[in-house]
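Residue numbers (the numbering used here): 577 to 1013. Scroll down for the structure; my scribbles are underneath it.
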């Protein structure tokens, strides 16, 4: 840890006293042996289970109703006995999910509509230093917390005092911001001017927002200073997007996975052999696996004791990598890129077309397609919106995609195409699959 990082952590500790320890432990944990890391994760899991049973009314009632006690969960193989926590559970039991050892004043409410359109409120303990995991991932890319960065997110309703305090703590950082919910040519130009002026070490933001900036850079032949990485989050990244964004910024992409309810679950290091699961702090499982090993994701947040999320099913799908360890030397396990959500699956005449397949249908055509979106208009009707790079061989390409999708549905689907100039983001995020009936 260099002196610059130490000075920053000391300053940040005035806001959150455990910042220094949290970051230092995270860096140490990622280089434990595989066995030591697994033991640390299990020890923390057991501690959280006991805490939840003893102090959280929801879990006490849930465990008791099925005759389960934390002492029955004696090893990893018994962990699957712990009931799954669903979005409906949180929606209907917010108050009873708060530990009796904390109050509502200890919580910060996170609200997300997700793919359901129903606002979900989740409590997060204010004192947990989640930012430490952001700094940890940045350190893999040799980026200091106070280095200049550029962000493309939706604006957050922080007070003026909070903004001023963070500016002081992060000094001498220059922050270049793009409102991902209100992207236009003027805002993109201003963002690019900021990139040129401040030369950020990292560009960080929603996939859809950064994708729009990349389009503008390439279409207008603009050269921007190369950051060490372009950190993308909030939705699956297609091969088309990754190659385009990497080309526009002349920089490798870092795919980071998390959700509004549980931040910083996994991320890529520069070796890009998979996403490192932060398994010392987040326990990840995959259930209901298909023939390709892709399953529904469950996550347990081992940090937050105020509003415990245990085996939480967030709606995403993925799988662990077949590769046991990354060549970077960290022992953090690897998962593959998250391909889609459960709600991205389409049901066509009794045949399920998986979201993870739909998000990859144009992967082999990165030079011909800028963006796409799959819309199910009725039980048997699919519309594919395409933003092409040009018209050369476009008809041939679309016929190949049509043939592939019809084969997938056993000939049941009727396909149509809509060639468009742009596909707008939804609240700054790209939505690949839409059900419109």
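Even for Gly, the Cβ is constructed at its ideal location relative to N, Cα and C.
Here's the rule I'm using: 16 or more other beta-carbon atoms within 10 Å means buried, otherwise exposed. How should residue 578 be labelled? As a first step, residue 578 must be located in the chain shown, where it is residue number 2. Result: exposed.
In DSSP terms, what residue 706 is bridged to: The residue labelled residue 706 in the question sits at position 130 within the chain shown. DSSP lists no partner for residue 706.
Could you check which residue in 745, 896, 615 has the C-alpha nearest to that of residue 590? Translated into positions along the chain shown, residue 590 becomes position 14. Looking from the CA of residue 590, the closest CA among 745, 896, 615 belongs to 745.
Between residue 900 and residue 888, which are expected to be in contact by the criterion C-beta below 8 Å, what is the C-beta distance as a whole number of angstroms? Translated into the one-based positions of the chain shown, residue 900 becomes position 324. Translated into the one-based positions of the chain shown, residue 888 becomes position 312. About 26 Å separates the two Cβ atoms, so there is no contact after all.
Residue 832 and residue 824 look like a contact to me (Cβ under 8 Å); what is the Cβ gap, rounded to whole Å? As a working mapping, residue 832 is identified with position 256 in the chain shown. As a working mapping, residue 824 is identified with position 248 in the chain shown. Beta-carbon to beta-carbon, residue 832 and residue 824 are separated by about 19 Å, too far to satisfy the 8 Å threshold.
Taking contact to mean at least 3 C-beta pairs separated by less than 8 Å, is the segment 704–712 in contact with the segment 753–772? The segment 704–712, when compared against the segment 753–772, does not touch it at the 8 Å Cβ threshold.
So, is residue 830 buried or exposed, given that buried needs 16 or more other C-beta atoms within 10 angstroms? Here residue 830 is taken as the residue at index 254 of the chain shown, counted from 1. Buried.
The segment 864–874 / the segment 813–822 touching (three or more Cβ pairs under 8 Å): The answer is no - the segment 813–822 does not touch the segment 864–874, with fewer than three Cβ pairs under 8 Å.
What are the start and end residues of each continuous beta strand (DSSP E) run of 3 or more residues lying completely inside the segment 763–836, in chain order? List check, beta strand (DSSP E) in window: 778–782, 805–809, 829–833.
Closest to residue 527 by CA distance: which of 583, 609, 704, 665 is it? As displayed, the chain neither begins before 577 nor continues past 1013, which places residue 527 out of reach and without an answer.
Touching or not, the segment 920–930 and the segment 987–994, by the rule of three or more beta carbon pairs under 8 Å? The segment 920–930 makes contact with the segment 987–994; the number of CB pairs closer than 8 Å reaches 3 or more.
Kindly identify the DSSP beta-bridge partner or partners of residue 889. Your numbering for residue 889 matches position 313 in the chain shown. In the DSSP output, where bridge partners are listed per residue, residue 889 has 874.
So is the beta-carbon of residue 762 under 7 Å away from any non-hydrogen atom of the ligand SAH? Ligands in the displayed structure: none, and consequently the ligand SAH is not present.
Tell me residue 697's beta-bridge partners as DSSP assigns them. Position 121 of the chain shown, counted from the first residue, corresponds to residue 697. Partner residues in the beta bridge of residue 697, as assigned by DSSP, are 687.
Rounded separation between residue 1022 and residue 983 - CA only: The requested residue 1022 does not occur in the structure, where the chain is confined to residues 577 to 1013.
Quick test of the definition: if touching needs 3 or more C-beta pairs under 8 Å, does the segment 741–761 touch the segment 721–729? For the pair of segments examined, the segment 741–761 was found to touch the segment 721–729: the number of CB pairs separated by less than 8 Å reaches three.
Taking 8 Å as the threshold (C-beta atoms), are residue 977 and residue 937 in contact? Numbered from its first residue, the chain shown carries residue 937 at position 361. Numbered from its first residue, the chain shown carries residue 977 at position 401. Cβ distance < 8 Å, so residue 937 and residue 977 count as in contact.
Assuming residue 697 and residue 685 make a contact with CB atoms under 8 Å, what is their CB distance in whole Å? The residue labelled residue 697 in the question sits at position 121 within the chain shown. The residue labelled residue 685 in the question sits at position 109 within the chain shown. Rounded to the nearest angstrom, the Cβ distance from residue 697 to residue 685 is 5 Å, consistent with a contact under 8 Å.
Touch check for the segment 877–886 and the segment 620–638: three-plus C-beta pairs under 8 Å? These segments touch.
Entirely within the segment 904–948 and at least 4 residues each: give me those alpha helix (DSSP H) ranges in chain order. Residue ranges of uninterrupted alpha helix (DSSP H) with 4 or more members, entirely inside the segment 904–948 and ordered along the chain, are 931–934.
Apply the 10 Å Cβ neighbour rule to residue 607 and answer buried if 16 or more other Cβ atoms are within range, or exposed otherwise. Looking up residue 607 in the chain shown gives position 31. The Cβ neighbour count for residue 607, taken over all protein chains shown within 10 Å, is under 16; the residue is labelled exposed.
If we count the other Cβ atoms within 10 Å of its Cβ and call it buried at 16 or more, is residue 747 buried or exposed? Against the chain shown, residue 747 aligns to sequence position 171. Burial is judged here by how many other beta carbons sit within 10 angstroms of a residue's own beta carbon; residue 747 has fewer than 16 and is exposed.
Compute the Euclidean distance between the alpha carbons of residue 701 and residue 679, then round it to the nearest angstrom. What you label residue 701 is simply residue 125 of the chain shown in a count that begins at 1. What you label residue 679 is simply residue 103 of the chain shown in a count that begins at 1. Per the coordinates, the alpha-carbon of residue 701 lies some 10 Å from the alpha-carbon of residue 679.
According to DSSP, is residue 965 helix, strand or coil? By 1-based counting over the chain shown, the position of residue 965 is 389. Looking at residue 965 - three-state DSSP - the assignment turns out to be coil, as it is neither helix nor strand.
Could you give the DSSP three-state label for residue 594: helix, strand or coil? On the chain shown, residue 594 is found 18 positions in, with the first residue counted as 1. The DSSP-derived three-state label of residue 594 is coil.
Under DSSP, the alpha helix (DSSP H) around residue 635 begins and ends at which residues? As a first step, residue 635 is located in the chain shown; it is residue number 59 there, counting from the start. In the DSSP assignment, residue 635 falls within the unbroken alpha helix (DSSP H) covering 633–641.
Report yes if the C-beta distance between residue 722 and residue 592 is below 8 Å; otherwise report no. Within the chain shown, residue 722 is the residue found at index 146, counting from 1. Within the chain shown, residue 592 is the residue found at index 16, counting from 1. Cβ distance not < 8 Å, so residue 722 and residue 592 don't count as in contact.
With 16 other Cβ atoms within 10 Å as the buried cut-off, status of residue 583: On the chain shown, residue 583 is found 7 positions in, with the first residue counted as 1. Residue 583 is exposed by the Cβ-count criterion.
Where the beta strand (DSSP E) containing residue 978 begins and where it ends: To locate residue 978, count along the chain shown from 1; it is residue 402. In this chain, residue 978 is not harboured by any beta strand (DSSP E); it is covered by the alpha helix (DSSP H) spanning 970–984.
If you run the structure through DSSP and keep just helix, strand and coil, what is residue 692? Numbered from its first residue, the chain shown carries residue 692 at position 116. The pLDDT assigned to residue 692 is 43, lower than 50, so where the model puts this residue is not dependable, and the model offers no usable value.
Answer yes if the segment 617–624 comes into contact with the segment 776–783, meaning at least three C-beta pairs across the two stretches below 8 Å, and no otherwise. Three or more beta-carbon pairs separated by less than 8 Å are not found between the segment 776–783 and the segment 617–624, which leaves the two stretches without contact.
How close, in whole Å, do the beta carbons of residue 854 and residue 840 come, if the pair is a contact with beta carbons under 8 Å? Numbered from 1 along the chain shown, position 278 holds the residue referred to as residue 854. Numbered from 1 along the chain shown, position 264 holds the residue referred to as residue 840. That pair is a contact at about 6 Å.
Provide the residue span of the alpha helix (DSSP H) that contains residue 745, from first to last. Mapped onto the chain shown, residue 745 falls at position 169. Membership of residue 745 in the alpha helix (DSSP H) is indicated by the continuous run 736–746.
Given 8 Å as the limit, is there contact between the segment 782–789 and the segment 965–981, that is, 3 or more CB pairs closer than that? Segments in contact, no.
Assign residue 988 to one of three DSSP states: helix, strand, or coil. As a working mapping, residue 988 is identified with position 412 in the chain shown. Assignment of residue 988 by DSSP, reduced to helix, strand and coil, places it in the coil class.
When the distance is taken between beta carbons, is residue 856 closer than 8 Å to residue 616? The residue labelled residue 616 in the question sits at position 40 within the chain shown. The residue labelled residue 856 in the question sits at position 280 within the chain shown. In this structure, the beta-carbon distance from residue 616 to residue 856 falls below 8 Å.
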